[in-house]
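What follows is a set of notes on a single structure, which appears directly below.
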Amino acid sequence: MSKLFRIGVSPDFYSEARESLEAVLAARLTGLPGVEVAPMPELPGLVATPESLDQFDAIFALAVHIRPESVRGVRRLAAVARWGVGYDRIHVDSLTENDIVLTITPNGVKRPVSEAIFAFILALTKNLLTQDRVARAGGWRGDLPRLGVSIAGKTLGSVGCGNIGQEMFRMSQSMGFARRIAYDPFVRQEQVSSLGVELVSLETVFRESDFVTVNTLLNASTEGLVKESHFRLMKPSAYFINTARGPIVEHAALVRALRERWIAGAGIDVFPVEPPPKDDPLFELDNVIVAPHAMAWTAELMRDNGFEATDNVLCIARGDRPPGAVNRSVLEKPGFQAKLERYR
Amino acid sequence: MKIVIPDDYPVVMAASAAYQRFASAHDVSWYGTLPGPDLVNRIAEAEIVVNIRSSTRFGEDVFASCPRLRLLSIWGTGTDNVDLEAARRHGVTVTNTPGVAAISIAEHCLMLTLAVARNILTTDASVRRGEWVKGNMVQLAGKTLGIIGLGAIGSRFARLGAAIGMNVLAWTLHPDPSRGYPQTPLETLLGESDVVSLHLRLSDQTKGFLGKSHFALMKPTAIFINTARGPLVEEAALIDALSSRRIAGAGLDVFDVEPLPAGHPVTRLDNVVLTPHNAGITPETLESGLALSLDNVTAFLAGKPQHVV
């Protein structure tokens, strides 16, 4: 490594995840020769600018936006290392054009997100919010409007069967589900057969599942993927869980499905706009459990995302290809390879 | 053969499919209210009693007043409402319905654990108030689950915990290597577990099983789960451990006094998740347990008693 490898940290780390950031830096980067970590400058609207990016070789990205104009003329930056897996705030083609690799952390997120899905599923089926309210108010089980139901014997469904979907199905193995079904046009049946997952159409997932979970990226082809017609296919006893991204679902259709009891309930960790408006109609409904895009924000999630992002960045600092690359085509571009060569 | 169901309130038995078949074949007197002091009047002539609620107590006085009684078929697994010695003295066979609720109770245990670990109640309320605070949630994968009591329910919860990615430690009254877990000393289990879940039967031997000294051994980050019976735990010690944050939180389905009186100290804690003693009650387990309690009667009448306690 010929010169100092500078890693910039997006400003939202210091307001949202300072402790986790500092723990990861202390464990993996502090005192490492040839590497310097520094905060990126304040970014209005959390949108990166060319000046904020081009003083670094890599940046750690939490929820920072990178648009085409953010990387215009950027020459030094080699990597955007997400702590997490979603990259809907990052214009990937512009990174590729500018010889910048985007890396994500699929291993860190899969367990905490899968656990969060089961937390929603169980809290919904056991009618937790009502139970706790009744028990605290001096009522008893005779005052409950309905019984909880068992998850054993039910059908677990997923829109998307990649990293997180597969981990969710792996966790579900001993839970007594009768059937596991998923829609994913990018996965082949033989890749998921060992998990007992049957790949079916999107409509079948909605029609036949007792729990429809969303485990897909947000991109142009998944935005608005889940529509009113899908909720109309669901059983009235079925639940909908979204821990992926809000814009994948038509929010008004979800609200209508819950309000008019087309479905039994929903667990919602993500919204079309975050934070959502205070008068989001979901907040008036008693058959929904809501969370602030944080159901998976465990100490381990941030630590493991941080370690994985650090591994990706240090790979590049050694002049190697990072394992978590998203835009893999950039790895073959002469411009990117020249950057790697500089670090060797 | 006179059969009495003295305590089907809230009504479950009369609404079940199994009861419709049973009642058409037998002479059944059914009561859709709790008996209170009227219990002996209701069952004085009965040879068989099907007991629905654990609040209906069968002590020496009751057995002495019902000389014709031969079978007490309990819906559920707990027998702490029955003086089993007195039943034996009076020649009354007692049966229960083991196993049927294990699946739903174990699911309920996992639900309570996740609800405490992910702050579901306070988080939901906070978002509905218009806040957007990303707090640190607790992850279960990689943590240690301590199971006290490896019966049908404890074993099933151990399996669910392992499915989530937890390491399981177990202590049980009657160690049996075939259960799949080595016996961990109780003190070690309490000291090393991130989640401690209680699955013992309530008896004179186990009343007040966990007290102040046990909570003192637990991690400050520990979550305590009780879906078994309230009196297994010294409730004041539990409330003290929770309110002083000696332990992080609890998920509780059972209490010393049920229904939980309004204003009870446990209802004022913000680090607990409470449910009104219904962990085992889902439509699926309800129906299969009720059916089994009636099957126990049929088997007894055929001279082949089953599920005798």
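In the order they appear, the protein sequences are chains A and B. Heads up: the first sequence begins at 203 in our numbering, then just goes up one per residue. Heads up: the second sequence begins at 1048 in our numbering, then just goes up one per residue. Beta carbons: idealized from backbone N, C-alpha and C, even for Gly.
Straight-line gap, A:E410 to A:G467 (C-alpha atoms, nearest Å): For the purposes of this step, residue 410 of chain A is identified with residue 208 of the first sequence, where counting begins at 1. For the purposes of this step, residue 467 of chain A is identified with residue 265 of the first sequence, where counting begins at 1. Going from the Cα of A:E410 to the Cα of A:G467 covers about 16 Å.
What residues in its chain sit with their C-beta under 7 Å from that of A:L206, if we drop five residues either side in the sequence? Counted from its first residue, the first sequence places residue 206 of chain A at position 4. The answer, listed in chain order, is G236 and E238.
Exposed unless 16 or more other CB atoms sit within 10 angstroms - verdict on A:M504: By 1-based counting over the first sequence, the position of residue 504 of chain A is 302. It is buried - the Cβ of A:M504 has at least 16 other Cβ atoms within 10 Å.
Who are the neighbours of A:T500 on chain B, taking C-beta pairs under 8 Å? Residue numbering aside, residue 500 of chain A sits at position 298 when the first sequence is read from its first letter. The contacting residues are N1183, M1184, V1185 and Q1186.
Residue burial classification, B:E1331 (beta-carbon count within 10 angstroms, cutoff 16): Reading the second sequence from its first residue, position 284 is the one you call residue 1331 of chain B. Its Cβ being crowded by 16 or more others within 10 Å, B:E1331 is buried.
For the putative contact between B:V1096 and B:L1081, defined by C-beta atoms under 8 Å, what is the C-beta separation to the nearest angstrom? As a working mapping, residue 1096 of chain B is identified with position 49 in the second sequence. As a working mapping, residue 1081 of chain B is identified with position 34 in the second sequence. No, B:V1096 and B:L1081 are not in contact; Cβ-Cβ is about 14 Å, not under 8 Å.
Is B:G1336 near B:W1122, with beta carbons less than 8 Å apart? Taking the second sequence and counting its residues from 1, the one referred to as residue 1336 of chain B is at position 289. Taking the second sequence and counting its residues from 1, the one referred to as residue 1122 of chain B is at position 75. A contact, by the Cβ cut-off of 8 Å.
In chain order, what residues of the same chain lie with their CB nearer than 6 Å to the CB of B:D1300, ignoring the 5 residues before and after it? By 1-based counting over the second sequence, the position of residue 1300 of chain B is 253. For B:D1300, where only same-chain residues beyond five positions count, the Cβ hits under 6 Å are T1274, T1322, H1324 and A1326.
Element boundaries [alpha helix (DSSP H), containing B:T1160]: Mapped onto the second sequence, residue 1160 of chain B falls at position 113. Element bounds for B:T1160: A1149 to A1164.
Distance, B:T1144 Cα to A:R390 Cα: Position 188 of the first sequence holds residue 390 of chain A. Position 97 of the second sequence holds residue 1144 of chain B. Taking the straight line joining both Cα atoms gives about 45 Å.
Would a check of beta-carbon distances place B:T1125 closer than 8 Å to chain A? Translated into positions along the second sequence, residue 1125 of chain B becomes position 78. The identity of residue 1125 of chain B in the sequence shown is Gly, whereas the question assumes Thr. Not an interface residue.
Proximity to B:R1089 [Cα-Cα], best of B:R1115, B:F1069 and B:F1204: The residue labelled residue 1089 of chain B in the question sits at position 42 within the second sequence. Residue B:R1115 is the option with its Cα nearest to B:R1089.
What's the C-alpha gap between A:I292 and A:E299? On the first sequence, residue 292 of chain A is found 90 positions in, with the first residue counted as 1. On the first sequence, residue 299 of chain A is found 97 positions in, with the first residue counted as 1. About 13 Å.
Within 8 Å of chain A by C-beta, residues of the stretch 1161 to 1185 of chain B in sequence order: L1161, A1162, A1164, R1165, I1167, L1168, T1170, D1171, S1173, V1174, R1175, G1177, E1178, W1179, V1180, K1181, G1182, N1183, M1184 and V1185
Might you give, ordered along the chain, the residues of its own chain that have their beta carbon closer than 8 Å to the beta carbon of B:K1351, omitting 5 neighbours on each side? Locating residue 1351 of chain B in the second sequence gives position 304, counting from the first residue. There are no such residues.
By a C-beta neighbour count over all protein chains shown, 10 Å radius and 16 as the cutoff for buried, is A:F388 buried or exposed? Along the first sequence, one-based indexing puts residue 388 of chain A at 186. Its Cβ having fewer than 16 others within 10 Å, A:F388 is exposed.
How about the stretch 1222 to 1233 of chain B and the stretch 1244 to 1254 of chain B: do they share at least three Cβ pairs that are nearer than 8 Å? no
Quick one: which residues of the stretch 1211 to 1232 of chain B get their C-beta closer than 9 Å to a C-beta of chain E? List them in chain order. Note that chain E does not occur in the displayed structure, where the protein chains are A and B.
Would you say A:L234 lies against chain B (beta-carbon separation less than 8 Å)? Start at 1 with the first residue of the first sequence, and residue 234 of chain A comes out as number 32. For A:L234, the answer is no, since every Cβ of chain B falls outside 8 Å of its Cβ.
So if I threshold CB-CB distances at 7 Å, which residues from the stretch 1306 to 1317 of chain B count as touching chain A? P1306, L1307, P1308, A1309 and T1314
Let me know the secondary structure DSSP gives A:M203 once reduced to three states. Within the first sequence, residue 203 of chain A is the residue found at index 1, counting from 1. Legend: pLDDT at A:M203 = 42, less than 50; position of this residue unreliable, no value from coordinates given.
How would you list, in chain order, the residues of chain B whose beta-carbon sits under 7 Å from the beta-carbon of A:P314? For this step, residue 314 of chain A is matched to residue 112 along the first sequence. Result: Q1186.
For A:R458, does the three-state DSSP call read helix, strand or coil? Stepping through the first sequence from its first residue, residue 458 of chain A is reached at position 256. If DSSP states are grouped into helix, strand and coil, A:R458 belongs with the helices.
Tell whether a beta-carbon distance below 8 Å holds between A:A455 and B:K1181. Here residue 455 of chain A refers to the residue found at position 253 of the first sequence. Here residue 1181 of chain B refers to the residue found at position 134 of the second sequence. For A:A455 and B:K1181, no; Cβs fall outside 8 Å.
Over the uninterrupted alpha helix (DSSP H) stretch that includes B:G1201, give me the two end residues. Within the second sequence, numbered from 1, the residue matching residue 1201 of chain B stands at position 154. Run containing B:G1201: A1199 to I1211, per the alpha helix (DSSP H) assignment.
With 8 Å as the limit, tell me which residues of the stretch 1321 to 1347 of chain B have their beta carbon closer than that to any beta carbon of chain A; keep them in chain order. L1321, T1322, P1323, H1324, N1325, I1328, T1329, P1330, E1331, T1332 and L1333
Reduced DSSP secondary structure (H/G/I, E/B, other) of A:G448: Stepping through the first sequence from its first residue, residue 448 of chain A is reached at position 246. Looking at A:G448 - three-state DSSP - the assignment turns out to be helix.
Which residue's Cα is closest to the Cα of B:V1356: B:S1340, B:A1349 and B:L1348? Indexing the second sequence from 1 puts residue 1356 of chain B at position 309. The shortest Cα separation from B:V1356 among B:S1340, B:A1349 and B:L1348 belongs to B:S1340.
Chain-order list of residues whose beta-carbon lies under 7 Å from that of B:G1189 (same chain, five-residue window excluded): For this step, residue 1189 of chain B is matched to residue 142 along the second sequence. Only G1212 meet the Cβ criterion.
Between the stretch 507 to 514 of chain A and the stretch 239 to 255 of chain A, do three or more beta carbon pairs fall short of 8 Å? no
Could you tell me the alpha carbon to alpha carbon distance between B:V1174 and A:G355, rounded to whole angstroms? Counted from its first residue, the second sequence places residue 1174 of chain B at position 127. Counted from its first residue, the first sequence places residue 355 of chain A at position 153. Cα to Cα, the separation comes out at about 32 Å.
If we cut at 8 Å on Cβ distances, does B:I1150 have a partner in chain A? In the second sequence, the residue the question calls residue 1150 of chain B occupies position 103. With 8 Å as the cut-off, B:I1150 counts as an interface residue toward chain A.
Examine chain A for any beta-carbon lying closer than 8 Å to the beta-carbon of B:L1289, and answer yes or no. Locating residue 1289 of chain B in the second sequence gives position 242, counting from the first residue. Not an interface residue.
Distance cutoff 8 Å, beta carbons only. Does B:A1209 sit that close to anything in chain A? For the purposes of this step, residue 1209 of chain B is taken as the residue at position 162 of the second sequence. Chain A contact via Cβ: present.
Shorter than 8 Å from the beta carbon of A:E224 to some beta carbon of chain B? Position 22 of the first sequence holds residue 224 of chain A. For A:E224, the answer is no, since every Cβ of chain B falls outside 8 Å of its Cβ.
In the DSSP assignment, what residue or residues form a beta bridge with A:A260? One-based indexing of the first sequence puts residue 260 of chain A at position 58. DSSP, once it has assigned bridges, lists A:I209 and A:A281 as partnering A:A260.
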